[in-house]
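**Q**
Number of protein chains: 2
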Amino acid sequence: MPFHPVPRPRGPKPSRIAASQLLDAAQAVFAQEGLQAASLRAIARKAGCDAALIYYHFASKEALFQAVLARRFPAVLADMHQLADPSDTRPTALRLWDVLLIYHRHLRDDPGIRALIRGEIVRGAEGLSPLLADQIRPLTASISAVFAQGIARGEVRPEVQPMLATFFLAKMQLEILDVLPSVLPVLMELPPEEAVLTGMRAWLDIFWRGVALDPGHPLPPLPAPID
Amino acid sequence: MPFHPVPRPRGPKPSRIAASQLLDAAQAVFAQEGLQAASLRAIARKAGCDAALIYYHFASKEALFQAVLARRFPAVLADMHQLADPSDTRPTALRLWDVLLIYHRHLRDDPGIRALIRGEIVRGAEGLSPLLADQIRPLTASISAVFAQGIARGEVRPEVQPMLATFFLAKMQLEILDVLPSVLPVLMELPPEEAVLTGMRAWLDIFWRGVALDPGHPLPPLPAPID
DNA sequence: CCCATTATTCAACACCTGTTGAAATAGGAG
DNA sequence: CTCCTATTTCAACAGGTGTTGAATAATGGG
Numbered sequence: 000m001p002f003h004p005v006p007r008p009r010g011p012k013p014s015r016i017a018a019s020q021l022l023d024a025a026q027a028v029f030a031q032e033g034l035q036a037a038s039l040r041a042i043a044r045k046a047g048c049d050a051a052l053i054y055y056h057f058a059s060k061e062a063l064f065q066a067v068l069a070r071r072f073p074a075v076l077a078d079m080h081q082l083a084d085p086s087d088t089r090p091t092a093l094r095l096w097d098v099l100l101i102y103h104r105h106l107r108d109d110p111g112i113r114a115l116i117r118g119e120i121v122r123g124a125e126g127l128s129p130l131l132a133d134q135i136r137p138l139t140a141s142i143s144a145v146f147a148q149g150i151a152r153g154e155v156r157p158e159v160q161p162m163l164a165t166f167f168l169a170k171m172q173l174e175i176l177d178v179l180p181s182v183l184p185v186l187m188e189l190p191p192e193e194a195v196l197t198g199m200r201a202w203l204d205i206f207w208r209g210v211a212l213d214p215g216h217p218l219p220p221l222p223a224p225i226d
Numbered sequence: 000m001p002f003h004p005v006p007r008p009r010g011p012k013p014s015r016i017a018a019s020q021l022l023d024a025a026q027a028v029f030a031q032e033g034l035q036a037a038s039l040r041a042i043a044r045k046a047g048c049d050a051a052l053i054y055y056h057f058a059s060k061e062a063l064f065q066a067v068l069a070r071r072f073p074a075v076l077a078d079m080h081q082l083a084d085p086s087d088t089r090p091t092a093l094r095l096w097d098v099l100l101i102y103h104r105h106l107r108d109d110p111g112i113r114a115l116i117r118g119e120i121v122r123g124a125e126g127l128s129p130l131l132a133d134q135i136r137p138l139t140a141s142i143s144a145v146f147a148q149g150i151a152r153g154e155v156r157p158e159v160q161p162m163l164a165t166f167f168l169a170k171m172q173l174e175i176l177d178v179l180p181s182v183l184p185v186l187m188e189l190p191p192e193e194a195v196l197t198g199m200r201a202w203l204d205i206f207w208r209g210v211a212l213d214p215g216h217p218l219p220p221l222p223a224p225i226d
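Going down the list, the sequences are from chains D and B.
Note that the first sequence covers residues 0 to 226 in numbering that gives the first Met the number 0.
Note that the second sequence covers residues 0 to 226 in numbering that gives the first Met the number 0.
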């Protein structure tokens, strides 16, 4: 080492990195790796900056994760809240299909947020739970409302407990989004593109017969997702 | 690397810490923490030895994990295989309830093996998959056979695809075992002890109506688990 | 033009991880 | 008793993690 290690410029690079760009990178890495496996250095690499910069914008890795979710959750929540509007008089089966479609639209490409909703996070990092539980609660409350309305309208069996039915419907949709793309093409001969939709249709077919007051009544046609 | 199981022909001594004790400790820690989060030092601490000793009996952390599973899986497999015996003429609904009971009996207290069956591991550590996939396949094959027999006996709707039905039934049971003990007592007012059983009954109630050829026919009484 | 603020980086800390090679310990064989 | 070999530990490595404090460059206001 005959040369003095010349320190590279420390100041801001010509291209400034906004907090939103950090959130983009963080979202991508969190989505792929999950909360625990994602490293701040990987996020920084993707954003094109040093890991320390994250601490200028966010208090901690956890705070960064919360910020990512705070950006995503409202859209899901809004869709689900609108779906639960009691003035929606479409058949309950169709509204439950919409529940699956909303999950599909917002969570299809984001394992990180799926893991969160699934509740893994609540187990792993207790610090996260209170704030995030408050974000998840309205989501399940909306779905639960659809079941309650279905019972009131005489379409759903009154013995069905909305809370448990919500749990079953939503949890399975998360599993479908998570593993069916890789599992179904092996089990049956299906292109991975159709695996999720095929699974969703089969699931609602079974689930709706399970909760409907009149299971003989056929399912209405289920529209494909639009996006 | 040397791992001679039981035959120590004229071995030097009964070792203070046998491989089985390491497996016990590893099983406990893996069960609580999962494969990735469990550390070899934690396992060694529980076994009362140094982490390096693990490498005398097992080639790697992964090999240790595989050894733990190789000890557990056969029992589950045997129960499920016996259940799928075509000479079992009990009502299909009751046999499906037995599927849930088998999962309950063997996996209730072991999140680690649940995570494995769920397929997380296959995603995370590719090295594990081939050997373990071969252990999981007969499990799902047995359940699938029960559905196929149910269709042949005119108890299950012929449109039901045994593979997908197996996926739905088993995946949900894993979710029930995983999260209902902590979630259900909050949602409804239930002691955590009854949460799992309540969830299982509600699940089979919905699921069986969903797949049964005659959904009006009531479920047979579902016996509580014995152990 | 200077100066304070903001944005960014560097280097390091303290800790944890799976893994390994060498050294110590023991118990039985000769 | 001595030696041999199976067991067990110690210490360290190389790499990873989240996090922090100080240093630095660019920017915009006075």
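The beta-carbon is built from N, C-alpha and C at its ideal position, and this holds for glycine as well.
(1) Hey, V75 (chain D) and L138 (chain D) are a contact pair by Cβ (cut 8 Å); roughly how many whole angstroms apart?
(2) Using a 10 Å radius around the Cβ and a threshold of 16 neighbouring Cβ atoms, would you call D108 (chain B) buried or exposed?
(3) Could you give the C-beta distance for P161 (chain B) and A147 (chain B), rounded to a whole number, given that I count them as a contact under 8 Å?
(4) Are the C-beta of Q134 (chain D) and some C-beta of chain B separated by less than 9 Å?
(5) Does DSSP put V159 (chain D) in a helix, a strand or coil?
(6) Examine the Cβ distances between the region 190–208 of chain D and the region 79–86 of chain D and report whether three or more of them are shorter than 8 Å.
(7) Output the residue ranges of the alpha helix (DSSP H) runs that lie fully inside the region 159–186 of chain B and measure 4 residues or longer, sorted by chain position.
(8) Roughly how many whole angstroms lie between the Cα atoms of Q26 (chain D) and D49 (chain D)?
(9) Can you confirm whether the region 92–105 of chain B touches the region 20–35 of chain B when touching is taken to mean that 3 or more C-beta pairs between the two stretches lie within less than 8 Å?
(10) Taking 9 Å as the CB-CB limit, is A36 (chain B) close to chain D?
(11) On the criterion of 16 or more Cβ atoms from any shown chain inside 10 Å, does H56 (chain B) qualify as buried, or is it exposed?
(12) With a threshold of 9 Å between beta carbons, is A124 (chain B) in contact with chain D?
(13) Relative to chain B, which residues along the region 184–211 of chain D have a C-beta separation below 9 Å, given in chain order?
(14) Would you list the residues sitting across from A211 (chain B) in a DSSP beta bridge?
(15) Does G153 (chain B) get closer than 9 Å to chain D when you measure Cβ to Cβ?
(16) Kindly say whether Q160 (chain D), judged by its beta-carbon, lies nearer than 9 Å to any beta-carbon of chain B.
(17) Is G149 (chain D) helix, strand or coil when you go by DSSP?
(18) Of all the CB atoms in chain D, is at least one closer than 9 Å to the CB of F72 (chain B)?
(19) Return the chain-ordered list of same chain residues with a C-beta closer than 7 Å to the C-beta of F29 (chain B), the five sequence neighbours on each side being excluded.
(20) With distances taken Cα to Cα, identify the nearest neighbour of T88 (chain D) among D:L176, D:I150, D:L39.
(21) With H, G and I counted as helix, E and B as strand and the rest as coil, what does DSSP make of A27 (chain D)?
(22) Just the Cα atoms here: how many angstroms apart are R117 (chain B) and L173 (chain B)?
(23) Answer yes or no: does any C-beta atom of chain B fall closer than 9 Å to that of E61 (chain D)?
(24) Rounding to the nearest angstrom, what Cα-Cα distance links D177 (chain B) and L196 (chain B) in this structure?
(25) Under the rule that 16 or more other beta-carbon atoms within 10 Å means buried, what is R136 (chain B), buried or exposed?
(26) Just to confirm before moving on: does the CB-CB distance between M171 (chain D) and K170 (chain B) stay below 9 Å?
(27) Under 9 Å between the Cβ atoms of A24 (chain D) and I42 (chain D)?
(28) To test your reading of the DSSP string, which unbroken alpha helix (DSSP H) runs of 4 or more residues are found completely within the region 35–77 of chain D?
(29) Use the C-beta contact count for A18 (chain B): other C-beta atoms within 10 angstroms, 16 or more gives buried, fewer gives exposed.
**A** In short, the structure shows the following:
(1) Stepping through the first sequence from its first residue, residue 75 (chain D) is reached at position 76. Stepping through the first sequence from its first residue, residue 138 (chain D) is reached at position 139. Right, their Cβ atoms sit about 7 Å apart.
(2) Taking the second sequence and counting its residues from 1, one reaches residue 108 (chain B) at position 109. D108 (chain B) should be labelled exposed.
(3) Position 162 of the second sequence, counted from the start, is the residue given in the question as residue 161 (chain B). Position 148 of the second sequence, counted from the start, is the residue given in the question as residue 147 (chain B). Correct: roughly 5 Å between the Cβ atoms.
(4) Here the question's residue 134 (chain D) lines up with position 135 in the first sequence. Answer no: the Cβ-Cβ gap between Q134 (chain D) and chain B never drops below 9 Å.
(5) The residue labelled residue 159 (chain D) in the question sits at position 160 within the first sequence. Residue state, collapsed to three classes: coil.
(6) no
(7) 161–186
(8) Reading the first sequence from its first residue, position 27 is the one you call residue 26 (chain D). Reading the first sequence from its first residue, position 50 is the one you call residue 49 (chain D). Going by the C-alpha atoms only, they are around 17 Å apart.
(9) no
(10) If you number the second sequence from 1, residue 36 (chain B) lands on position 37. It does: the Cβ of A36 (chain B) has a partner Cβ on chain D nearer than 9 Å.
(11) The residue labelled residue 56 (chain B) in the question sits at position 57 within the second sequence. Buried: at least 16 other Cβ atoms inside 10 Å.
(12) Taking the first residue of the second sequence as 1, we reach residue 124 (chain B) at position 125. With a pLDDT of 47 at A124 (chain B), under the threshold of 50, the modelled position of this residue cannot be trusted, and the question is left open.
(13) L186, M187, T197, G198, A201, W202, D204, I205, F206, W207, R208, G209, V210, A211
(14) Translated into positions along the second sequence, residue 211 (chain B) becomes position 212. A211 (chain B) pairs with B:V155.
(15) Here residue 153 (chain B) refers to the residue found at position 154 when the second sequence is read from its first residue. Cβ-Cβ to chain D under 9 Å: no for G153 (chain B).
(16) Counting from 1 along the first sequence, the entry for residue 160 (chain D) is found at position 161. Closer than 9 Å: yes.
(17) Stepping through the first sequence from its first residue, residue 149 (chain D) is reached at position 150. Correct three-state label for G149 (chain D): helix.
(18) For the purposes of this step, residue 72 (chain B) is taken as residue 73 along the second sequence, with counting starting at 1. Not one chain D Cβ lies under 9 Å of F72 (chain B).
(19) The count along the second sequence starts at 1 and reaches residue 29 (chain B) at position 30. So the qualifying residues of the chain are A37, F64, V67, G111.
(20) On the first sequence, residue 88 (chain D) is found 89 positions in, with the first residue counted as 1. Nearest of D:L176, D:I150, D:L39 to T88 (chain D), Cα basis: D:I150.
(21) On the first sequence, position 28 is the one that residue 27 (chain D) refers to. A27 (chain D): helix per DSSP, three-state reduction.
(22) Walking along the second sequence from the start, residue 117 (chain B) turns up at place 118. Walking along the second sequence from the start, residue 173 (chain B) turns up at place 174. Rounded to the nearest angstrom, the two C-alpha atoms are 8 Å apart.
(23) Looking up residue 61 (chain D) in the first sequence gives position 62. For E61 (chain D), the answer is no, since every Cβ of chain B falls outside 9 Å of its Cβ.
(24) The count along the second sequence starts at 1 and reaches residue 177 (chain B) at position 178. The count along the second sequence starts at 1 and reaches residue 196 (chain B) at position 197. Rounded to the nearest angstrom, the two C-alpha atoms are 13 Å apart.
(25) Position 137 of the second sequence holds residue 136 (chain B). R136 (chain B) comes out exposed.
(26) As a first step, residue 171 (chain D) is located in the first sequence; it is residue number 172 there, counting from the start. As a first step, residue 170 (chain B) is located in the second sequence; it is residue number 171 there, counting from the start. Yes, they are a contact pair.
(27) If you number the first sequence from 1, residue 24 (chain D) lands on position 25. If you number the first sequence from 1, residue 42 (chain D) lands on position 43. A contact, by the Cβ cut-off of 9 Å.
(28) 39–46, 50–56
(29) The count along the second sequence starts at 1 and reaches residue 18 (chain B) at position 19. Answer is buried; the Cβ neighbour count reaches 16.
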